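Please read the structure below before turning to the comments.
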Amino acid sequence: MTFSLHVDAELWRAGIKAEHDTLTIDDEHGGQVELVPVIASHGWGLHRRQLAREATVLGARTLAVETPADAMEVAADFVGDILVTQPWDPRHGHLESDWDDLTGMVSPVGPEPVRRVIRTIATTDALHRLAESTTTCAPVVLQGLTSRHCIGLQEPDLDALLADDTIRAALRDSRIDIRGALLHLPGRQPGSPQVSTIGDSRGDVLSSRASNRVRESWGWTVLWIRALAAVEQSGIDLHASATTMWVDGLDDSEVSDLQGALDVVPIKLLRGSQLWLPDDDSLQAYGTVLAVHRVERGRDVGDRQRGTPKDGYVVVLRGGTSHGIGVAAGNNTSSLRERASAAAGRAMSAIGRLRSPFVWAGKRRWFVEPPGSSTSLVWLSAEDLSEALASGHRTPAVGDQWACDVNPELARYDRIVGLG
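Each residue of the sequence shown is one higher than the one before, starting from 2 at the first, in the working numbering.
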């Protein structure tokens with residue numbers, strides 16, 4: 002008896018291929034957008050290695066993962082470049098053995114061995130330490146500090162960093178190989194672009210309807226190209242992909258606006274859940290019914306021994322907190338409506354009323370109590386059952402599969418059905 006994910010493989014693969022093909026641009030004028038599949042955390046329950054294989058089938062040339070351990074896990078299933086988005090920092094000594102294992106990983110494609118695992122560098126100290134310590138070619142992208150105010154290099158740091166003698170010596174000796182700049186943009190539109198460069202750049206290149214995320218990306222690109230030009234003017238040859246902008250957080254229309262403004266500057270667009278979780282019916286979680294108990298009103302049930310409100314049924318389902326059931330992700334409740342909804346949910350929980358993600362007869366049903374680690378107790382009143390029977394449904398039985406609207410960011414499945 003399992004908590005399972007059922008995949009309509011044909012529909013799902015058609016959805017991710019459509020997303021990939023729509024956002025991959027290589028026109029005759031030199032404009033280029035490459036979609037980079039992102040495999041985050043546990044791969045939305047689909048497993049990292051499975052998604053790496055799917056990325057290979059898509060024809061993706063680059064894959065993004067979170068940690069060096071993730072890169073090691075997927076390396077056998079993906080032969081292209083792998084970007085590790087967790088910034089490399091010499092203070093993270095516990096990760097050095099992972100990076101040592103990755104250092105020798107080369108691409109099997111092409112006439113010469115090319116290091117294919119790309120580090121993200123987000124501090125001046127990290128790039129300095131890498132320049133001082135590396136004896137082999139280390140591909141890197143430099144992460145800029147965007148309006149998310151998370152991690153990254155600030156504008157004044159960038160020019161000074163690339164003008165530093167130690168850094169330039171490593172670039173000249175090809176011990177550091179710059180593969181572009183990385184921007185993680187906020188999910189909501191920023192109030193104003195983070196970079197001041199936008200003020201003195203050719204703003205007329207941007208569409209008047211360009212969003213602030215696009216304007217921020219444009220400003221960083223101008224800053225980046227200027228910094229690289231200064232490096233090349235010093236006599237250092239950079240990798241052909243050094244001008245690439247790696248961008249995360251733009252929607253489809255923003256990608257089009259940015260690509261039109263940047264013209265010949267290559268864009269690598271990072272996409273995770275929007276790629277792997279298409280807006281269709283190709284993915285559905287199910288919990289198996291393990292037991293059905295008829296109980297009379299007032300009967301104490303569950304771990305908390307709360308009395309039932311009326312006559313009805315306790316349905317025991319596979320699927321609990323270890324599967325992501327009843328585990329809430331952080332929510333951005335910025336609007337009054339969102340705050341009111343969140344407050345209502347907390348109030349219902351406080352009085353022991355919590356709606357489950359399990360669906361039967363077209364409706365989400367109530368928990369008897371908060372879910373356990375591997376099972377959930379769900380309540381059906383006698384009236385609920387009578388109404389469903391009148392609509393053509395049958396009494397729940399052991400072995401039935403109930404659809405479950407679980408958050409894929411948190412879900413863990415016992416079994417995946419439909420993916421070969």
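Even for Gly, the Cβ is constructed at its ideal location relative to N, Cα and C.
Keep in mind it's a predicted model, so treat the numbers as computed, not measured.
About 27 Å separates the beta carbons of A164 and A262, which is beyond the 8 Å limit, so they are not a contact pair.
The beta-carbon distance between G94 and S283, rounded to whole angstroms, is 43 Å. This is too long to meet the 8 Å contact definition. Unbroken alpha helix (DSSP H) stretches of 4 residues or longer found wholly inside the region 137 to 167: 156 to 164, given in chain order. Beta-bridge partners of Q285 (DSSP): H7. About 10 Å separates the beta carbons of F368 and L318, which is beyond the 8 Å limit, so they are not a contact pair.
In the three-state reduction of the DSSP assignment, E35 falls in the strand class.
From the listed residues G303, S392, D238, the smallest Cα separation to G363 is found for S392. Counting other Cβ atoms within 10 Å of its Cβ, E20 reaches 16 or more and is therefore classed as buried. The residues A362, in chain order, have a CB closer than 6 Å to that of H394 in the same chain once the five nearest residues on each side in sequence are set aside. The alpha carbon of S212 has as its nearest neighbour, out of L183, S254, R227, T245, the alpha carbon of S254. Secondary structure note for A182: its beta strand (DSSP E) is the uninterrupted segment 177 to 185. DSSP places P69 inside the alpha helix (DSSP H), whose first and last residues are 69 to 75. When Cβ pairs closer than 8 Å are counted between the two stretches, the region 240 to 251 is seen to touch the region 172 to 192, the count reaching three or more. By the Cβ neighbour-count rule, Q260 is buried, with 16 or more other Cβ atoms within 10 Å of its own.
Counting only residues of its own chain and dropping the five nearest sequence neighbours on each side, D249 has a CB closer than 6 Å to the CB of H185, L271. Classified as buried, P372 has 16 or more neighbouring CB atoms from the shown chains inside 10 Å of its CB.
In terms of Cβ geometry, S374 and T289 do not form a close pair [threshold 7 Å]. Counting every other CB atom within 10 Å of its CB across the protein chains shown gives Q144 a total of 16 or more, marking it as buried. Taking C-beta separations shorter than 8 Å and ignoring five residues to either side along the sequence, the partners of T137 in its chain run T104, R116, R176, following chain order. Here A123 really is in contact with G153; their C-beta atoms are around 5 Å apart, less than 8 Å.
Distance from the CA of R307 to the CA of D301, rounded to the nearest whole angstrom, comes to 5 Å.
Of G220, W45, P91, the smallest CA-CA separation from E133 is found for P91. Contact between I417 and L6 holds: CB atoms are separated by about 5 Å, below the 8 Å threshold. Residue environment analysis places D258 among the buried positions, since at least 16 neighbouring C-beta atoms fall within 10 angstroms of its C-beta. Counted as a single uninterrupted DSSP element, the beta strand (DSSP E) harbouring V418 occupies residues 416 to 418.
Membership of G400 in any alpha helix (DSSP H) is not indicated, and neither H nor E is assigned to it by DSSP.
Rounded to the nearest angstrom, the Cβ distance from G273 to A10 is 20 Å, too far for a contact under 8 Å.
Note on A72: 16 or more other CB atoms within 10 angstroms of its CB, so buried under the neighbour-count rule. One Cα belongs to E67, the other to L24, and the distance between them is close to 22 Å. The C-alpha of V223 is placed about 21 Å away from the C-alpha of G236. In the DSSP assignment, I326 falls outside any alpha helix (DSSP H) and carries neither an H nor an E. Ranked by Cα distance from D22, the options V407, L276, A404, H240 are led by L276.
DSSP lists W361 as the bridge partner or partners of K364. In the DSSP annotation of this structure, the continuous segment of the alpha helix (DSSP H) that includes L224 starts and ends at 213 to 234. Among the bridge pairs identified by DSSP, L64 is matched with I83.
Between the C-alpha atoms of L172 and V8 there is a straight-line separation of about 47 Å.
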